[in-house]
Amino acid sequence: MPTDPLPASTVRRAGGCLQPVLLRGRVDHIDGTSGELLHRYTTAHEPGGLLPIACKTRRASRCPPCADIYQADTYQLIRAGLSGGKGVPETVASHPCVFATLTAPSFGPVHAHREKDGRARRCRPRRRGQTCPHGNQLSCPDRHDRDDAGLGEPLCPDCYDYTGAVLFNACAPELWRRFTITLRRTLASRAGLTGKALAAQLRVSFAKVAEYQRRGVVHFHAIIRLDGPGGPATAPPGWATLDLLTAAIDQAARAVRLETPAAPGLAARTLRWGREHDIRPIAATGDLTESRVAAYVAKYATKAAECTGTLDRRITQADRLASLPVREHARRHIGACIRLSKLPGLEALRLAAWAHMLGFSGHFATKSRAYSTTLSALRADRSAHQRELAIAAGLLPDLGSDATIIRADWHFTGRGQPLPALPPLTGGA
Ligand SMILES: [Zn+2]
Ligand SMILES: [Zn+2]
Ligand SMILES: [Zn+2]
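The C-terminal position of the sequence shown is numbered 450 in the numbering used here, with every residue numbered one higher than the one before it.
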């Protein structure tokens, strides 16, 4: 029975990872017919008896090399749903498809970068110097730069509606879910069809990404596409036009509502999207091309709440709110999450667990099943490719028979030190 003289091809995928996962264990290749052990890989031959595996995080704040891979995969996945490839026919590019942004409503005036014709404009000019009940000015004559540290900060933190902001973040995934249901209903009613009849003719596919605005609330960017009933490989019916899709998204975004439960000292609230939503067609040429949209979504898929000045980890009982190393605006959001988490009726929002995310507990990048390919399929393709290279280079035996059973036994032992980026596999390496 041969054992691997060199690390398995998997170790090479950990190249560059800053926080690799250390595994101890073995992988056996067994002949499915005879039960004979054909090959065994064991970590016993690795340095320290441990195999480092890339953390595969999507978060650039935690591991930039792994986030780069996630970003590249997300780009491929998004691009395939816009112009074809990775198993999606190129005809998908002719389906009605838009890039829509659904924003949060206002929770109070904040400092903002404004621009017109390439020139910075005043933040909040007001002729009369009005003040709030706390004595703060309700105007700001400054022309803030794009990277001004104070952007997104409220003019008066005591007036700002932190309760509303964290409730919106916490409910944003449910608001999105309701939006997708309302959109299908709106399309059906505009086409004069029942929901069932619509599903027999049309499928709505989407891929969305969450972005934190500087003011600390999430908003969603979504690719929304109309397909035939069989998904991207089937053409949508002739009546399903770009204009219909655009009008239906606008109508659905305005109509969606969500009622938060009342609690002692907190009245029920009706949450909805902000008034400013943006719906633009994605085309092969012009401002909003397929590759530009794919790059935009992929970029946001590797970000989280860090740009709002919060923590990149959960807040525990041992943490003291006043001494957390966060921006004051984030601290107020976190404080609101902790305060609201104790109210009966709001338990389901799990606001204490998601306080570091300012209440948002949703996934950052999601897509409907029929959008295009999946990240797992892209990763499996890459693994298969690396495996072929390793076999060709004589690093791994060729055991690619369907009758081979692979039995793995892994144990997690901790986190390792950053790994040097390894050169690509070459023959005889
Ligand atoms: Zn990593
Ligand atoms: Zn300002
Ligand atoms: Zn005030």
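Even glycine gets a Cβ: it sits at the ideal position worked out from N, Cα and C.
Since residue i is in the beta strand (DSSP E), which residue starts that stretch and which ends it?
| i | result |
| --- | --- |
| residue 381 | Here residue 381 belongs to no beta strand (DSSP E), and DSSP marks it neither H nor E. |
| residue 298 | Here residue 298 belongs to no beta strand (DSSP E), and DSSP marks it neither H nor E. |
| residue 60 | 58-63 |
| residue 74 | 72-74 |
| residue 413 | It is not in any beta strand (DSSP E) - residue 413 instead sits in the alpha helix (DSSP H) that spans 396-413. |
| residue 135 | 135-137 |
| residue 233 | 224-233 |
| residue 281 | 279-281 |
| residue 140 | 140-142 |
Please report how far the alpha carbon of residue i lies from the alpha carbon of residue j, in whole angstroms.
| i | j | result |
| --- | --- | --- |
| residue 65 | residue 46 | 8 Å |
| residue 50 | residue 398 | 23 Å |
| residue 39 | residue 74 | 11 Å |
| residue 266 | residue 296 | 18 Å |
| residue 239 | residue 428 | 43 Å |
| residue 374 | residue 382 | 9 Å |
| residue 118 | residue 440 | 42 Å |
| residue 109 | residue 63 | 39 Å |
| residue 396 | residue 180 | 43 Å |
| residue 151 | residue 145 | 12 Å |
| residue 235 | residue 284 | 29 Å |
| residue 52 | residue 268 | 59 Å |
| residue 98 | residue 386 | 11 Å |
| residue 22 | residue 93 | Confidence is the limiting factor: at residue 22 the pLDDT is only 49, short of 50, which leaves the residue's position unreliable, though a coordinate-based value still follows. Approximately 39 Å between the Cα atoms of the pair. |
| residue 143 | residue 359 | 35 Å |
| residue 229 | residue 340 | 33 Å |
| residue 300 | residue 419 | 51 Å |
| residue 158 | residue 178 | 12 Å |
| residue 253 | residue 166 | 43 Å |
| residue 203 | residue 59 | 56 Å |
| residue 155 | residue 366 | 31 Å |
| residue 370 | residue 189 | 11 Å |
| residue 402 | residue 321 | 24 Å |
| residue 103 | residue 400 | 20 Å |
| residue 393 | residue 82 | 27 Å |
| residue 259 | residue 243 | 23 Å |
| residue 28 | residue 71 | For residue 28, the predicted structure reports a pLDDT of 43, less than 50, and the residue's modelled location is therefore unreliable. The matter cannot be settled from this model. |
| residue 432 | residue 404 | 21 Å |
Mind checking who residue i pairs with in its DSSP beta bridge?
| i | result |
| --- | --- |
| residue 123 | 241 |
| residue 52 | 425 |
| residue 118 | 246 |
| residue 158 | 152 |
| residue 109 | 106 |
| residue 433 | 44 |
| residue 291 | 280 |
| residue 175 | 131 |
| residue 198 | In DSSP, residue 198 forms no bridge with anything. |
| residue 145 | 161 |
| residue 252 | 249 |
Determine the contact status of residue i and residue j, defining contact as a CB-CB distance below 9 Å.
| i | j | result |
| --- | --- | --- |
| residue 231 | residue 121 | no |
| residue 314 | residue 199 | no |
| residue 372 | residue 113 | no |
| residue 377 | residue 342 | no |
| residue 226 | residue 391 | yes |
| residue 141 | residue 132 | no |
| residue 329 | residue 213 | no |
| residue 357 | residue 96 | no |
| residue 271 | residue 298 | yes |
| residue 196 | residue 292 | yes |
| residue 289 | residue 193 | no |
| residue 209 | residue 250 | no |
| residue 261 | residue 287 | no |
| residue 41 | residue 437 | yes |
| residue 67 | residue 349 | no |
Can you give me the start and stop residues for the alpha helix (DSSP H) that residue i sits inside?
| i | result |
| --- | --- |
| residue 181 | That residue, residue 181, is in no alpha helix (DSSP H); it is neither H nor E in DSSP. |
| residue 88 | 85-104 |
| residue 374 | Careful: residue 374 lies outside any alpha helix (DSSP H) and carries neither H nor E. |
| residue 349 | 349-362 |
| residue 273 | 263-276 |
| residue 167 | Looking at the DSSP string, residue 167 is not in any alpha helix (DSSP H), and its letter there is neither H nor E. |
| residue 392 | Neither: residue 392 is in no alpha helix (DSSP H) and is coded neither H nor E. |
| residue 311 | 311-322 |
Hey, would you say the C-beta of residue i is under 8 Å away from at least one heavy atom of ligand 5?
| i | result |
| --- | --- |
| residue 40 | Questions concerning ligand 5 fall outside what the structure shown contains, since the ligands it does hold are ligand 1, ligand 2 and ligand 3. |
Does chain B have any CB closer than 9 Å to the CB of residue i?
| i | result |
| --- | --- |
| residue 93 | The structure shown contains no chain B; it holds only a single protein chain. |
Neighbouring residues (CB closer than 5 Å to any heavy atom of ligand 2): Taking each Cβ in turn, the ones that pass are 132, 144, 161 and 163.
Test item, CB below 6 Å from any non-hydrogen atom of ligand 3: Counting only residues whose CB is nearer than 6 Å to a non-hydrogen atom of ligand 3, the list in chain order is 153, 154, 155, 157, 177, 179 and 180.
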